[in-house]
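S.K.: Those sequence lines, one after another, are chains A and B.
Mapping of the first sequence onto my numbering: position 50 corresponds to residue 50, and the numbering continues sequentially without gaps.
Mapping of the second sequence onto my numbering: position 150 corresponds to residue 1150, and the numbering continues sequentially without gaps.
Sharing a structure with you now.
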Amino acid sequence: MSEFFDFLGRRYDDLIEVGLEHMYLVGISVLLSTAIGVFIGVTTYRTERPREIALAVTGSFLTIPSFALFILMIPIMGIGAPPVIVALTMYGLLPVVRNTITGLREVDQATVESAKGMGMGRTQRLVRIELPLAWPVIVTGVRVTALVLVGIAAVGAIVDGPGYGTFIFDGLARVGSPAAINLVVSGMLGVIVVAILFDTLLAVLGKLTTSRGIQ
Amino acid sequence: MTSSAAPGAPDLAAAPQAPIAPVRRERRSVGSYVFMPIFLALVCAGLYLYVSNQELDTIEQRALNAGNITAALLEHLRLTAISTVLVILIAIPLGVLLTRPFTGSYRGVLLTLANIGQAVPTIGLLALMGVGALSFIDIDIGVTAAIIALVAYAVLPVLRNTMVGLQQVDESILEAGRGMGIGKFGVLSRIELPLSVPIILAGVRTALVINVGTATLAAYINAGGLGRIIVAGLSTNRITVQITGALLTAVLALLIDYLAGIAEDVLRPKGL
Chain A
1 MSEFFDFLGR RYDDLIEVGL EHMYLVGISV LLSTAIGVFI GVTTYRTERP
51 REIALAVTGS FLTIPSFALF ILMIPIMGIG APPVIVALTM YGLLPVVRNT
101 ITGLREVDQA TVESAKGMGM GRTQRLVRIE LPLAWPVIVT GVRVTALVLV
151 GIAAVGAIVD GPGYGTFIFD GLARVGSPAA INLVVSGMLG VIVVAILFDT
201 LLAVLGKLTT SRGIQ
Chain B
1001 MTSSAAPGAP DLAAAPQAPI APVRRERRSV GSYVFMPIFL ALVCAGLYLY
1051 VSNQELDTIE QRALNAGNIT AALLEHLRLT AISTVLVILI AIPLGVLLTR
1101 PFTGSYRGVL LTLANIGQAV PTIGLLALMG VGALSFIDID IGVTAAIIAL
1151 VAYAVLPVLR NTMVGLQQVD ESILEAGRGM GIGKFGVLSR IELPLSVPII
1201 LAGVRTALVI NVGTATLAAY INAGGLGRII VAGLSTNRIT VQITGALLTA
1251 VLALLIDYLA GIAEDVLRPK GL
């Protein structure tokens, strides 16, 4: 055990730097997933067919094993951070799309009706009434996305993506040496810490961005 | 670690159950049943044409012959099947146990742990099992290590859905059952479990998809599976081999999820 703490002490700078890379990678992907996912949700929630297709397609993204998707990105995007960000963004879509659709559909129709009565147009109703009311549900989806992506990002080390995955795969490459288990465990703990940080951050952000009337 | 986990724990616990709750679906259209198999068949056909039109060198031939691919596929299916069956055998009884009144005090703690557990990266768990097994026990038990890692991770969605499924059964229905003179076990087996089947099945399907995906990574701890074709392609720097392995893996995962979706529809008790 003390050996492990020695290891953490020795690699402290590394661990912090890799952690920041991991957060950066996941942060960008979560932003992209949220932007694209909310857009897809907003454009499809009213009609049944497009809604079903949006859920089915983003659902199948999440079914594709991450190892396979990262590899399939290589011919198109090369290696490093870009293929990882694209793959992560694809994985992050479903929770956002699903919660956007659910949230918007749960908005009380009477409220929307009265907004209409006040002379609000289609876009105005969406931006000023429906989206703010659906926002807590959407934020919940974004938190799920972040948790999912933090874990999958670790696999991105296969295509030379940055982050704690590099520690895990370094450990795997050194099976048998005492460093192996230290590398793997510190990589795992790193991922969990990043997951907790993201979840806490998003919970706070969600509170701050939720309209005060519905808190 | 425990100290840094503590402040985040309630948040993770409060984190939504959204990804696992079953999508209330209206009757599926014929198109959605037919599309996926046709799409997957086209992908396979395209892959076959692409590979058979390539000049393969000896390394590529060794990785991409029918025998090797079939063997890898069977290894993959075996890993997935064994771990999923174990998950069902462990998680459903445990879920039943944890929703009985006498286990009430452990329930919250366990659900919190289960939620935090999902933040553990699958590859980390797999690597830990592999590194542990390979360096301490000094024999090659890759498959066993892989199965333990797969089960440990995939137990969570089934356990959680079993508990959520049993708890959402309307108390008044249970009361009616008891009033009709049905015993505790009868209420469980004839009312509670059938009513929670859709939610439990959704959890099993999630576990199945997780297992198919994680089994791909099992190649890194010598446990075989389709992942070893990709790994072989990576270590010899053959892009054709990598792409073939990756596409086959993706097709298998989508196919299994598709079949699980049909099973979900078929196994749902009539009347629900």
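Don't be surprised by glycine CBs; every beta carbon is placed ideally from N, CA and C.
(1) Examine the Cβ distances between the region 1097 to 1108 of chain B and the region 140 to 151 of chain A and report whether three or more of them are shorter than 8 angstroms.
(2) Run down chain B in chain order and give the residues with a C-beta less than 7 angstroms from the C-beta of residue 60/A.
(3) So, residue 1145/B versus residue 1082/B, is the Cβ gap smaller than 8 angstroms?
(4) Short of 6 angstroms in beta carbon distance, which residues of its chain neighbour residue 1165/B, apart from the five on each side in sequence? Order them along the chain.
(5) Identify, in the order they occur along the chain, each residue of the same chain with its Cβ nearer than 7 angstroms to the Cβ of residue 98/A, setting aside the five sequence neighbours on each side.
(6) Can you give the Cα-Cα distance for residue 214/A and residue 1261/B, rounded to whole angstroms?
(7) In chain order, what are the residue ranges of uninterrupted alpha helix (DSSP H) at least 4 long that sit wholly in the region 1045 to 1128 of chain B?
(8) May I have the straight-line CA-CA distance separating residue 951/B from residue 1244/B, to the nearest angstrom?
(9) Reducing DSSP to helix, strand and coil, say where residue 1253/B ends up.
(10) Nearest-angstrom Cα distance between residue 1090/B and residue 1155/B?
(11) Cα separation between residue 1209/B and residue 90/A?
(12) Under 8 angstroms, Cβ to Cβ, is there at least one residue of chain B near residue 184/A?
(13) Below 9 angstroms on C-beta distance, what does residue 1297/B contact in chain A?
(14) Evaluate residue 1042/B with the Cβ neighbour count: other Cβ atoms within 10 Å of its Cβ, from every protein chain shown; 16 or more gives buried, anything less gives exposed.
(15) Please report the Cβ distance between residue 1152/B and residue 1125/B, rounded to the nearest whole angstrom; I am assuming they are in contact, meaning their Cβ atoms lie under 8 angstroms.
(16) I want to see whether chain A comes within less than 8 angstroms of residue 1121/B, judged by CB atoms only; does it?
(17) I need the DSSP call for residue 1168/B, collapsed to helix, strand or coil.
(18) Given a cut-off of 8 angstroms, decide if residue 1228/B and residue 1215/B are closer than it, judged by their beta-carbon atoms.
(19) Using a Cβ-Cβ distance cut-off of 8 angstroms, determine whether residue 138/A contacts chain B.
(20) Please name the residue, chosen from 61/A, 211/A, 160/A, that lies closest to residue 22/A on a Cα-to-Cα basis.
(21) Three-state secondary structure (DSSP) at residue 1286/B?
(22) Between the region 69 to 81 of chain A and the region 120 to 137 of chain A, can you find at least three pairs of beta-carbon atoms closer than 8 angstroms?
(23) Starting from the Cα of residue 129/A, find the closest Cα among 117/A, 139/A, 111/A, 182/A and give me that residue.
(24) Does the Cβ of residue 3/A have 16 or more other Cβ atoms within 10 Å, making it buried, or fewer, making it exposed?
(25) Could you tell me which chain B residues have their CB closer than 8 angstroms to the CB of residue 172/A, listed as they occur along the chain?
(26) Under 6 angstroms Cβ to Cβ from residue 69/A, same chain only, skipping five residues before and after it: list those, please.
(27) When Cβ atoms are compared, which residues of the region 73 to 87 of chain A fall closer than 8 angstroms to chain B?
(28) Hey, how far is the Cα of residue 1230/B from the Cα of residue 1080/B?
(29) Could you tell me which chain A residues have their CB closer than 8 angstroms to the CB of residue 1032/B, listed as they occur along the chain?
(30) Counting C-beta neighbours from all protein chains within 10 Å, is the total for residue 1024/B 16 or more, i.e. buried, or is it exposed?
(31) Is it true that the CB of residue 1169/B sits closer than 8 angstroms to the CB of residue 1088/B?
(32) Hey, would you say residue 180/A sits closer than 8 angstroms to residue 1131/B, going by beta carbons?
(33) Under a Cβ-count criterion, where at least 16 other Cβ atoms within 10 Å of its own Cβ denotes burial, should residue 202/A be classed as buried or exposed?
(34) Which ranges does the alpha helix (DSSP H) cover as unbroken runs of at least 4 residues, wholly within the region 87 to 150 of chain A, from first to last along the chain?
(35) Within 8 angstroms of any Cβ in chain B, is that where the Cβ of residue 71/A sits?
(36) Less than 8 angstroms between the C-beta atoms of residue 184/A and residue 196/A, yes or no?
M.R.: With the given structure in hand:
(1) Using a Cβ-Cβ distance cut-off of 8 angstroms, the region 1097 to 1108 of chain B and the region 140 to 151 of chain A are not in contact, since fewer than three pairs of beta carbons, one from each stretch, lie closer than that value.
(2) Chain B residues near residue 60/A: 1254.
(3) Cβ atoms of residue 1145/B and residue 1082/B: not closer than 8 angstroms.
(4) Taking residue 1165/B as the centre and dropping the five residues before and after it, the same chain places the C-beta of 1196, 1199, 1200 closer than 6 angstroms to its C-beta, in chain order.
(5) If we look at residue 98/A and ignore the five residues flanking it on each side, its Cβ neighbours are 55, 141.
(6) Rounded to the nearest angstrom, the two C-alpha atoms are 37 angstroms apart.
(7) 1058 to 1063, 1066 to 1099, 1104 to 1117, all fully within the region 1045 to 1128 of chain B.
(8) The structure shown does not extend to residue 951/B, since chain B is modelled only from 1001 to 1272, so the question has no answer here.
(9) Judged by DSSP in its simplified three-state form, residue 1253/B adopts helix.
(10) Cα-Cα distance, rounded: 7 angstroms.
(11) Across the structure, residue 1209/B and residue 90/A are spaced so that their CA atoms are roughly 17 angstroms apart.
(12) Residue 184/A counts as touching chain B.
(13) No answer is possible for residue 1297/B: it lies beyond the span of chain B, which begins at 1001 and ends at 1272.
(14) By the Cβ-count criterion, residue 1042/B is exposed, with fewer than 16 other Cβ atoms from all chains shown falling within 10 Å of its own Cβ.
(15) Correct: roughly 6 angstroms between the Cβ atoms.
(16) Yes, residue 1121/B lies at the interface with chain A (some Cβ there is under 8 angstroms from its Cβ).
(17) In the three-state reduction of the DSSP assignment, residue 1168/B falls in the coil class.
(18) Cβ atoms of residue 1215/B and residue 1228/B: not closer than 8 angstroms.
(19) Output row for residue 138/A: interface = no.
(20) Ranked by how close their Cα comes to the Cα of residue 22/A, the residues 61/A, 211/A, 160/A have 160/A in first place.
(21) Outside the shown range of chain B (1001 to 1272) lies residue 1286/B, about which nothing can therefore be said.
(22) Contact check between the region 120 to 137 of chain A and the region 69 to 81 of chain A: fewer than three CB pairs, one atom from each, fall below 8 angstroms, which does not count as touching.
(23) Selected option, being the one with the closest Cα: 111/A.
(24) By the 10 Å Cβ count, residue 3/A comes out exposed.
(25) What residue 172/A touches in chain B: 1127, 1130, 1131, 1220, 1221.
(26) Exclusion of the five residues before and after residue 69/A leaves 87 as the residues of its chain whose Cβ lies within less than 6 angstroms of its Cβ.
(27) For chain B, the residues of the region 73 to 87 of chain A that bring a beta carbon within less than 8 angstroms of one of its beta carbons are 74, 75, in chain order.
(28) Taking C-alpha positions only, residue 1230/B is separated from residue 1080/B by approximately 18 angstroms.
(29) In chain order: 52, 56.
(30) Only weak support exists for where residue 1024/B lies, its pLDDT of 49 falling under 50; the value from the coordinates is given anyway. Exposed, because fewer than 16 other Cβ atoms sit within 10 Å of the Cβ of residue 1024/B.
(31) Not a contact, by the Cβ cut-off of 8 angstroms.
(32) With respect to residue 1131/B, residue 180/A sits close: the two C-beta atoms are nearer than 8 angstroms.
(33) Residue 202/A is buried by the Cβ-count criterion.
(34) Whole alpha helix (DSSP H) segments, 4+ residues: 109 to 117, 122 to 125.
(35) At least one chain B Cβ lies under 8 angstroms of residue 71/A.
(36) No, they are not a contact pair.
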